[in-house]
Amino acid sequence: MSGSSGNQGGPGNTGGRGNAGGQGGNSGHGAHRGGRCKGGPRDNSRRNAQGRERNRGPQRNFTESAPSQRTRRADPARLVAFEVLRAVAAEDAYANLVLPARIRHHGLDKRDAGFATELSYGALRGQGTYDAILARCVDRPLDQLDPAVLDALRIGTHQLLAMRVPAHAALDQTVGLARAVIGAGPSALINAVLRKVAARSLDEWLDLLVEGETDQTRIAALRHAHPEWIVRAMRQSLVAHGRPAAEMDELLEADNAAPVVNLVALPGLGNLDEALESGATPGELVEGSALSSGGDLGRLASVRNGTTRVQDVGSQLVARAMAAVDLGPGGAGTGETWLDLCAGPGGKAALLGALAQERGATLLANEPAPHRAKLVSQALSAVPGDTWQVRTGDGREVGAEQPESYDRVLVDVPCSGLGALRRRPESRWRRSPKDMTDLAPLQRELLASALAAVRPGGVVAYVTCSPHPAETKAVVADALRKRDDLELLDAGAALDAVSLTGDLGAGHESTAQLWPHIHGTDAMFLALIHKKA
740 MSGSSGNQGG PGNTGGRGNA GGQGGNSGHG AHRGGRCKGG PRDNSRRNAQ GRERNRGPQR
800 NFTESAPSQR TRRADPARLV AFEVLRAVAA EDAYANLVLP ARIRHHGLDK RDAGFATELS
860 YGALRGQGTY DAILARCVDR PLDQLDPAVL DALRIGTHQL LAMRVPAHAA LDQTVGLARA
920 VIGAGPSALI NAVLRKVAAR SLDEWLDLLV EGETDQTRIA ALRHAHPEWI VRAMRQSLVA
980 HGRPAAEMDE LLEADNAAPV VNLVALPGLG NLDEALESGA TPGELVEGSA LSSGGDLGRL
1040 ASVRNGTTRV QDVGSQLVAR AMAAVDLGPG GAGTGETWLD LCAGPGGKAA LLGALAQERG
1100 ATLLANEPAP HRAKLVSQAL SAVPGDTWQV RTGDGREVGA EQPESYDRVL VDVPCSGLGA
1160 LRRRPESRWR RSPKDMTDLA PLQRELLASA LAAVRPGGVV AYVTCSPHPA ETKAVVADAL
1220 RKRDDLELLD AGAALDAVSL TGDLGAGHES TAQLWPHIHG TDAMFLALIH KKA
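Those letters in the sequence shown? Residues 740 to 1272, by my numbering.
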């Protein structure tokens, strides 16, 4: 489990390195920012054999200050992270939805927002490993702790072990947060536990946790903060898609890396000029894409009007690959009808709508949930209205109601989401193998409906944001076994054809699998199924 170095200072009161001249006048502990206390008595310092100063200023640990001298307020950036973790744990909320709202509510500037983001996502990603460490430092089972106390401990642990925050600042500010929002009693426990955590580095803790372990799955789960079942699932997925199992550590590390924000300019409707002027860099995998370091993208007019959108490059590639398949005379798309069978919340539908507009095609976007159907309409609002329609209904019924009506069908089925763990930090701890078992019938029924809805000579793109063979190759193989009028097109070649590199190396046995550790995308799976004329 790798630590983050992306937020070297964070907010002014984090005490992070590299903040000389940064904000900090109101931190309450400006003299303890990592340098010698100005004006402090030099003869009180102690030096070790190497000449390094061990105790700076008065011989008293900063976190053991008298009660009147301890931080009593909640630093806003840490408070945001705490509120995010509480919402995730208590309300089953999604961090990526809660975090922006809390940042706006507390009025964080860009720097503090970056710190809060790393602290929130990092604590959530590392939860399993951090809990294993905390279990060594708490004198009772963790499930007997108040959930709010446990969340505060996770926040403190991530700062101590994986962020460039000096130990004294991490301890003092986390205890101050606890005193402000939980109470004085729990804050004493949090202080004592985090002092134990701070006694070792992350690498030292990991070595201790795996000491004597021989099970490689268990070792990988602890070192990379993934549930053991996901480690096994990822190993199986690599092999199933033609990758060596030895790539496991790289894949798990990629899951723990903060993802870069991907942008797409809708073809024929938008451009990336404004994003590039604001610091984004051109994407290297697909036309019309860019990479952004983040920030408030809503400030960009092109994002507000919907002609530039946030969308993972993997999603862009699979949508473009389906739209570009050669179906015969007339050119790709001319006079065609397209269907996005599982369109919510509308990212791929917007890109398909723009491509359809360019090529003289029309798009029907189907979504069963009314509130998500509204999101699809909003996503498509930048595309001329005569190009698209939104249907609110069960996708499993479309094939029977509108048989052989569409030239191209995208069916991006509900799945476990194992391919997007880096973007959804809490999902790894929420999911279970049962999710895949429960979703399997729905995935097969939606694919069957898509195959019924496509005309002879047309193509169905079966897509998942999961590399697991139970959700990818097995579903496609079942569909092919049931009908003799279907054949697989080369999905790897189709992705290469729409990629700027021309050689993604994603294909295997006619299907294609993208990977975060190889392509820098979500782990999107693509199968292109052609219905014979």
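Glycine included, C-beta positions come from ideal geometry on N, C-alpha and C.
(1) If you drop the 5 nearest sequence neighbours on each side, which residues of the same chain put their C-beta closer than 7 Å to that of V1057?
(2) Along the chain, where does the beta strand (DSSP E) containing Y833 start, and where does it finish?
(3) Going by DSSP, name the residue or residues bridged to P1021.
(4) Helix, strand or coil, according to DSSP, for L884 in the structure here?
(5) Return the residue from the list A1179, A1232 and D1229 that minimises the CA-CA distance to A1213.
(6) Runs of 3 residues minimum, wholly inside the stretch 1137-1198: which ones carry the beta strand (DSSP E) assignment?
(7) Between which two residues does the alpha helix (DSSP H) holding D1079 run?
(8) Closest by CA to K1270, which one among R1194, L910 and D911?
(9) Beta-carbon separation of D1307 and L881 under 7 Å?
(10) In the DSSP assignment, find the alpha helix (DSSP H) that holds N995 and state where it starts and stops.
(11) Per DSSP, which residues does W1127 bridge with? Please list them.
(12) Please work out which residues of its chain come closer than 8 Å, Cβ to Cβ, to G1074, disregarding the five sequence neighbours upstream and downstream, and give them in chain order.
(13) For the structure I just gave you, are there three or more beta carbon pairs, one from the stretch 934-952 and one from the stretch 1164-1182, closer than 8 Å?
(14) Reducing DSSP to helix, strand and coil, say where G1083 ends up.
(15) Starting from L1234, trace the alpha helix (DSSP H) in both directions and tell me its first and last residue.
(16) Curious, which full-length alpha helix (DSSP H) runs of at least 4 residues does the stretch 882-932 contain?
(17) Rounded to whole angstroms, what's the CA-CA distance from L884 to V837? Just pull it up for me.
(18) By alpha-carbon positions, which one of A1104, E1143 and L1149 ends up nearest to V1129?
(19) Going along the chain, which residues of its own chain have a beta-carbon closer than 8 Å to the beta-carbon of L977, five neighbours each way excluded?
(20) When we look at the beta-carbon of E822 and count the other beta-carbons within 10 Å, is it buried (16 or more) or exposed?
(21) Using alpha carbons as the reference points, say which of P1006, R879, V932 and Q1182 lies closest to I894.
(22) Return the CA-CA distance between A972 and A923, expressed in angstroms with no decimal places.
(23) Determine contact between the stretch 1114-1124 and the stretch 1142-1151, defined as no fewer than three beta-carbon pairs at a distance below 8 Å.
(24) CB-CB under 7 Å to S1028, same chain, minus the five flanking residues each way: which ones, in chain order?
(25) Work out the CA separation of G1045 and L1090 for me, nearest whole Å.
(26) Output the boundary residues of the alpha helix (DSSP H) element that contains K1270.
(27) L1114 and P1084 - do their beta-carbons sit closer together than 7 Å?
(28) List the whole-angstrom C-beta distance separating R738 from T953, where the pair is believed to meet the contact cut-off of C-beta under 8 Å.
(29) Whole angstroms is fine: what's the gap from C876's alpha carbon to K935's?
(30) If the criterion is Cβ atoms closer than 7 Å, does the pair P1278 and A917 meet it?
(31) Kindly indicate which residue of G1092, P905 and G1246 has the alpha-carbon position closest to the one of G1007.
(32) In the DSSP output, what is N1010 paired with across the bridge?
(33) Quick one: residues in its chain with C-beta nearer than 6 Å to the C-beta of L1036, no 5 flanking neighbours on either side, listed in chain order?
(34) Just tell me which of L892, A996 and D1012 has its CA closest to the CA of D1261.
(35) Quick one: what's A1004 bridged to in DSSP?
(36) Quick one: what does DSSP say E967 is sitting in, helix, strand or coil?
So, from the data block:
(1) Taking the sequence shown and counting its residues from 1, the one referred to as residue 1057 is at position 318. So the qualifying residues of the chain are A1200, V1202, M1263 and L1265.
(2) Counting from one through the sequence shown, the residue named residue 833 turns up at place 94. Run containing Y833: none; DSSP gives neither H nor E here.
(3) One-based indexing of the sequence shown puts residue 1021 at position 282. According to DSSP, which records beta bridges pairwise, P1021 is partnered with A1029.
(4) Locating residue 884 in the sequence shown gives position 145, counting from the first residue. The DSSP-derived three-state label of L884 is coil.
(5) Counted from its first residue, the sequence shown places residue 1213 at position 474. The alpha carbon of A1213 has as its nearest neighbour, out of A1179, A1232 and D1229, the alpha carbon of A1179.
(6) Within the stretch 1137-1198, the complete beta strand (DSSP E) segments of 3 residues or longer fall at 1145-1151, listed in chain order.
(7) Working through the sequence shown from its first residue, we reach residue 1079 at position 340. In this chain, D1079 is not harboured by any alpha helix (DSSP H); it is covered by the beta strand (DSSP E) spanning T1076 to D1079.
(8) On the sequence shown, residue 1270 is found 531 positions in, with the first residue counted as 1. Comparing Cα-Cα distances from K1270 to each of R1194, L910 and D911, the minimum goes to R1194.
(9) Because residue 1307 is not part of the residues shown, which for the chain are 740 to 1272, the question remains open.
(10) On the sequence shown, residue 995 is found 256 positions in, with the first residue counted as 1. From DSSP, the alpha helix (DSSP H) with N995 extends over M987 to N995.
(11) Counting from 1 along the sequence shown, the entry for residue 1127 is found at position 388. Partner(s): L1102.
(12) Sequence index remark: in the sequence shown, residue 1074 carries index 335 (1-based). Residues of the same chain with a CB within less than 8 Å of the CB of G1074, apart from the 5 flanking positions on each side, are G1099 and A1100 in chain order.
(13) Flag = no, the stretch 934-952 and the stretch 1164-1182 do not touch.
(14) Position 344 of the sequence shown, counting from 1, holds the residue named residue 1083. Coil.
(15) Along the sequence shown, one-based indexing puts residue 1234 at 495. Run containing L1234: A1230 to V1237, per the alpha helix (DSSP H) assignment.
(16) Segments of the alpha helix (DSSP H) lying fully in the stretch 882-932: 886-901 and 906-920.
(17) Indexing the sequence shown from 1 puts residue 884 at position 145. Indexing the sequence shown from 1 puts residue 837 at position 98. Here the C-alpha atom of L884 lies approximately 24 Å from the C-alpha atom of V837.
(18) In the sequence shown, the residue the question calls residue 1129 occupies position 390. Here the closest residue by C-alpha is A1104.
(19) Numbered from 1 along the sequence shown, position 238 holds the residue referred to as residue 977. These residues qualify, in order along the chain: P983, A984, E986, M987, L990 and P1206.
(20) Indexing the sequence shown from 1 puts residue 822 at position 83. Buried.
(21) Translated into positions along the sequence shown, residue 894 becomes position 155. Closest option to I894, Cα to Cα, is V932.
(22) The residue you call residue 972 lines up with position 233 of the sequence shown. The residue you call residue 923 lines up with position 184 of the sequence shown. A straight line joining the alpha-carbon of A972 with that of A923 spans about 43 Å.
(23) Result no; under three Cβ-Cβ pairs closer than 8 Å.
(24) Taking the first residue of the sequence shown as 1, we reach residue 1028 at position 289. Hits under 7 Å: N1001, L1002, V1003, G1022, V1052 and Q1055.
(25) Walking along the sequence shown from the start, residue 1090 turns up at place 351. Walking along the sequence shown from the start, residue 1045 turns up at place 306. Each residue's alpha carbon lies about 11 Å from the other.
(26) The sequence position of residue 1270 within the sequence shown is 531, counting from 1. Here K1270 belongs to no alpha helix (DSSP H); instead the beta strand (DSSP E) covers F1264 to K1270.
(27) Counting from 1 along the sequence shown, the entry for residue 1084 is found at position 345. Counting from 1 along the sequence shown, the entry for residue 1114 is found at position 375. Yes, these two residues count as a Cβ contact at 7 Å.
(28) The question about residue 738 has no answer here: the residues shown for the chain are numbered 740 through 1272.
(29) Here the question's residue 876 lines up with position 137 in the sequence shown. Here the question's residue 935 lines up with position 196 in the sequence shown. Rounded to whole angstroms, the gap between the alpha carbons of C876 and K935 is 6 Å.
(30) With the chain represented from 740 up to 1272, any question about residue 1278 goes unanswered, as that position is not in the structure.
(31) Looking up residue 1007 in the sequence shown gives position 268. Distance from the Cα of G1007 is smallest, within the candidate group G1092, P905 and G1246, for G1092.
(32) Locating residue 1010 in the sequence shown gives position 271, where the first residue counts as 1. Paired residues: none, contrary to the question.
(33) Position 297 of the sequence shown holds residue 1036. Within its own chain, the residues whose Cβ lies closer than 6 Å to the Cβ of L1036, once the five positions on either side in sequence are excluded, are V1042, listed in chain order.
(34) For the purposes of this step, residue 1261 is taken as the residue at position 522 of the sequence shown. Cα-wise, what sits closest to D1261 is A996.
(35) Residue mapping note: residue 1004 aligns to position 265 of the sequence shown, counting from 1. Paired residues: T1047.
(36) Residue numbering aside, residue 967 sits at position 228 when the sequence shown is read from its first letter. The answer is helix: DSSP assigns E967 an H, G or I state.
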